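Numbering (this note's numbering), first residue to last: 2 to 106.
The C-beta atom is built at its ideal place from N, Cα and C for all residues, glycine as well.
Fair warning: this is a prediction, and the values are worked out from it, not measured in the lab.
Have a look at the structure below before the remarks.
Given below as structure tokens:
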């Protein structure tokens, strides 16, 4: 899920352990129900991996929180790497992220 109001991205509770990751730190998270301390994991995120030329991966540290929809909430820490446009009439958005162009073998 994309949340332009979220300062940091996060993963759903249990994702870190499911992936066999070790926490890199702890993070005090503000949620609608108050504050809590959660594990933080280092991830390398690639958006659009099925594209012929996907964007560069983004290294990010994400806390685990309870997310209602999906496994990951993408916040401004990831979105700030690119440009995002909302096409209201069509009810669609476009996110353009940097790509490194590698040529030749």
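Please tell me whether residue i and residue j are closer than 8 angstroms, where the distance is taken between their beta carbons.
| i | j | result |
| --- | --- | --- |
| residue 46 | residue 55 | no |
| residue 63 | residue 44 | yes |
| residue 65 | residue 17 | yes |
| residue 48 | residue 96 | yes |
On a Cα-Cα basis, can you pick out the residue from the options that is closest to residue i?
| i | options | result |
| --- | --- | --- |
| residue 86 | 94, 50 and 80 | 94 |
| residue 39 | 29, 48 and 90 | 29 |
| residue 23 | 70, 42 and 89 | 42 |
How is the alpha helix (DSSP H) around residue i delimited, first residue to last?
| i | result |
| --- | --- |
| residue 18 | 16–19 |
| residue 78 | 77–80 |
Name the two residues that bound the continuous beta strand (DSSP E) containing residue i.
| i | result |
| --- | --- |
| residue 12 | 11–13 |
### Message
Count Cβ pairs between the region 67–81 and the region 3–14 that sit closer than 8 angstroms; are there 3 or more?
### Response
yes
### Query
Which parts of the region 24–92 are runs of the beta strand (DSSP E), unbroken and 3 residues or longer, counting only runs that do not cross its ends?
26–32, 35–46, 59–66 and 84–88
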